[in-house]
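K.L.:
Residue numbers (the working numbering): 967 to 1407. Pasting in a structure now, in structure tokens, and then I'll have a few things to ask.
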Amino acid sequence: MYLHGTAKINPDGNLEIGSCDTTQLVKQFGSPLYVMDETNIRNQMRRLKSACEQTSIPYRVAYASKAFNTLAMCRIVEEEGYLLDVVSGGELYTAIQAGFPAERIYFHGNNKSTEELREAINHGVKYIVVDNMVELTMLEDLASEMGKIVPILFRITPGVEAHTHNFVQTGQEDSKFGFDLSSGQANQAVQYVLGSSSLLLKGFHSHIGSQIFDADAFAVAINRLVELIHECHKEYAFFPTVLNIGGGFGIRYTEQDTPRSIEEIIQGITAIIEKAFPERCPEIWLEPGRWIVGESGTTLYTVGTMKEIPGVRKYVAVDGGIADNPRPALYDAKYEAMLANRANEEETELVSIAGKCCESGDMLIWDVHLPPVKKGDILAISCTGAYNYSMASNYNRLPKPAVVLVQNGRAEMIVERETYADILKKDKIPSRLLKQTVNPV
Ligand code: LLP
């Protein structure tokens, strides 16, 4: 397993993250356990900023909180001076409860409810990113009913197919997201909103997909947005304050993944922007999620049972699975693993890591080399910081794992492990189904 961030192997032969021995973390907090490397999260945020600072273009960086959103994470994002992208009332509520300043939050989503929009306006978020014509008219009515002028961005679908899994592609023409460019929808929406007295168009947004390695896809998308901007300037004398080019930068899950460095990506983007706007340049916004937190997360599991099918494979089952990481089942995502308690031992066995949920598709890794595995070993799977905790479920009524933030030898629980009582908290039994004290015969 590649060691990301502050991960290393300590003199006891155990995996250590943030100078915390992961075997001790499991003793203290139980397993499965999500471990987040605070130093690495902050380093990623600072690295992206400094890559942008090397360029001449005006920029702002944002964190796409859907990747991993908790109160503590919002605090880190605020301290690092980032903007925050939220896509639901729940993400907005988390940010507000964390004390994140509303004027640094903006709200995405293809089907925001009136209630969500009302809350966002009431909190005074910086922008609402309007996704489609229905939302545009609904927001216009709401803003005038509330007597507010609401600043907005338009989400544009640039018609770009990024080379990534179909389920995480978003920029292609046939997408549920955004105003479509090729049919003229985007242009019409601009014309419409410029006549509105309650909505204030501040710019454009596009996000073409996730875990993208192909820098050309970004280039094509930006060029199409640039065309739209020139068109709007010519036709309506409108020039955007903001051009948000989304997130989607790929990370290294396994050795097959070879993402370009963020510096290279930013340089590529800058070259296009500088050429497109030699005189006046909108503020360029970036909003990665995975790139900020993905490599900073590690999930620790305890090995339980094993099953060897001679000549076929050996299954090693851990105490979590599809409920804490649905990505292998959903996107055929690949991960690397190691035995955290015997990190120096030779990896002589080829095994498959199975989850504990009742379905054959609950497999975390199909092929991984490990030292001969024993019951009770601690298995670490790396790169689980993005879209794991945030996509976790209670399938099979498994309580969601705890999340621990580690840094400089300090381990702090930022999300408590769920209990069975938590799982039952919202269950109700209608009185007619209540257990009878006298058996009806
Ligand atoms: N901005 C917008 C508008 C987005 O929809 C997304 C992700 C991002 C930014 C951040 O993308 P990132 O930098 O994290 O790639 N559950 C899937 C990923 C879904 C991404 C949804 N949108 C997965 O586990 O791979």
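By construction, the Cβ of each residue, glycine as well, lies at the ideal position given by its N, Cα and C atoms. On a predicted model such as this, the values are computed, not experimentally measured, just so you know.
#1: If we count the other Cβ atoms within 10 Å of its Cβ and call it buried at 16 or more, is Leu1316 buried or exposed?
#2: Does the Cβ-Cβ distance between Pro1367 and Pro998 come in under 8 Å?
#3: Within the same chain, show all residues whose beta-carbon is closer than 8 Å to that of Pro1365, passing over the 5 residues directly before and after it, in chain order.
#4: Can you tell me where the beta strand (DSSP E) holding Ala1368 begins and where it ends?
#5: How about Thr1224 and Phe1179: are their beta carbons less than 8 Å apart?
#6: Given 8 Å as the limit, is there contact between the region 1231 to 1250 and the region 1265 to 1282, that is, 3 or more CB pairs closer than that?
#7: Is it true that the CB of Glu1057 sits closer than 8 Å to the CB of Lys1032?
#8: Three or more C-beta pairs closer than 8 Å, one from the region 977 to 990 and one from the region 1305 to 1312: is that the case here?
#9: Which of the three DSSP states, helix, strand or coil, is assigned to Glu1378?
#10: Taking DSSP's pairing of strands, which residues face Asp987 in a bridge?
#11: Taking 7 Å as the line, does the beta carbon of Lys1142 fall inside it for any heavy atom of the ligand LLP?
#12: What distance in whole Å lies between the Cβ atoms of Phe1205 and Val1156, which are believed to be in contact at a cut-off of 8 Å?
#13: Closest by CA to Lys1280, which one among Thr1314, Ile1288, Trp1257, Ile1188?
#14: Note down, in chain order, each residue of its chain lying with its Cβ closer than 6 Å to the Cβ of His1335, except the 5 sequence neighbours on either side.
#15: Looking at the ligand LLP, does it come within less than 7 Å of His1335, judged from the CB to the closest heavy atom?
#16: Would you identify the three-state DSSP class for Leu1037, choosing helix, strand or coil?
#17: Looking at the ligand LLP, does it come within less than 7 Å of Gly1212, judged from the CB to the closest heavy atom?
#18: Tell me whether Met1304 is buried or exposed, calling it buried when 16 or more other Cβ atoms sit within 10 Å of its Cβ.
#19: Verify whether the separation of the beta carbon atoms of Glu1253 and Ala1028 is less than 8 Å.
#20: What do you reckon, are the CB atoms on Leu1167 and Phe1120 nearer than 8 Å?
#21: In the DSSP assignment, the beta strand (DSSP E) including Ile1062 goes from what residue to what residue?
#22: At what residue ranges does the region 1252 to 1311 contain a whole run of the beta strand (DSSP E), taking only runs of 3 or more?
#23: Between Asn1210 and Gly1169, which are expected to be in contact by the criterion C-beta below 8 Å, what is the C-beta distance as a whole number of angstroms?
#24: Between the region 1327 to 1346 and the region 1295 to 1303, are three or more C-beta pairs nearer than 8 Å?
#25: In terms of residues, what are the limits of the beta strand (DSSP E) holding His1173?
#26: Would you say Ala1187 and Gly1234 are within 8 Å of each other, going by their C-beta atoms?
#27: Would you say Met1039 and Gly1263 are within 8 Å of each other, going by their C-beta atoms?
#28: My parser needs the beta strand (DSSP E) runs of 3 or more residues fully inside the region 1181 to 1252; what are they?
#29: Would you mind reading off the limits of the alpha helix (DSSP H) that contains Ile1007?
#30: Let me check understanding here. Comparing Cα to Cα, which of Gly1277, Ile1232, Pro1338 lies closest to Pro1024?
#31: Find out if the Cβ-Cβ distance for the pair Ala1295, Asp1333 is shorter than 8 Å.
#32: Could you tell me the alpha carbon to alpha carbon distance between Arg1256 and Gly1351, rounded to whole angstroms?
#33: So the beta strand (DSSP E) Met1329 belongs to, where does it begin and stop?
#34: Restricting to Cα atoms, I'd like to know which of Val992, Ile975, Gln994, Lys993 is closest to Ser985.
#35: Judging by CA-CA distance, which residue of Ala1299, Val1282, Ser1227, Gln994 is the nearest neighbour of Glu1378?
#36: Could you check the C-alpha separation between Glu1111 and Ser1163 for me, to the nearest Å?
P.N.:
Inspection of the coordinates gives the following:
#1: Residue environment for Leu1316: exposed (fewer than 16 other C-beta atoms within 10 angstroms of its C-beta).
#2: In this structure, Pro1367 sits near Pro998, with a CB-CB distance shorter than 8 Å.
#3: Arg1383, Glu1384, Thr1385, Tyr1386, Asp1388, Ile1389
#4: 1368 to 1373
#5: Judged by their CB atoms, Thr1224 and Phe1179 are nearer to each other than the 8 Å cut-off.
#6: Not touching, per the Cβ criterion.
#7: yes
#8: yes
#9: strand
#10: Glu982
#11: no
#12: Separation of the CB atoms of Val1156 and Phe1205 is rounded to 11 Å, and the pair is thereby denied contact status at 8 Å.
#13: Thr1314
#14: Glu1313, Leu1316
#15: no
#16: Annotated three-state conformation of Leu1037 is helix, per DSSP.
#17: yes
#18: buried
#19: yes
#20: yes
#21: Per DSSP, Ile1062 belongs to no beta strand (DSSP E); it is in the alpha helix (DSSP H), 1055 to 1063.
#22: Runs of the beta strand (DSSP E) inside the region 1252 to 1311: 1263 to 1275, 1279 to 1284, 1303 to 1305.
#23: 7 Å
#24: yes
#25: For His1173, there is no enclosing beta strand (DSSP E), as DSSP marks it with neither H nor E.
#26: Contact check for Ala1187 against Gly1234 fails: the beta carbons are separated by 8 Å or more.
#27: Result no, Cβ atoms of Met1039 and Gly1263 do not sit closer than 8 Å.
#28: Correct list: 1208 to 1210, 1249 to 1252.
#29: 1004 to 1019
#30: Ile1232
#31: no
#32: In a straight line, the C-alpha of Arg1256 is about 8 Å away from that of Gly1351.
#33: 1329 to 1336
#34: Ile975
#35: Gln994
#36: Distance between the alpha carbons of Glu1111 and Ser1163 is about 12 Å.
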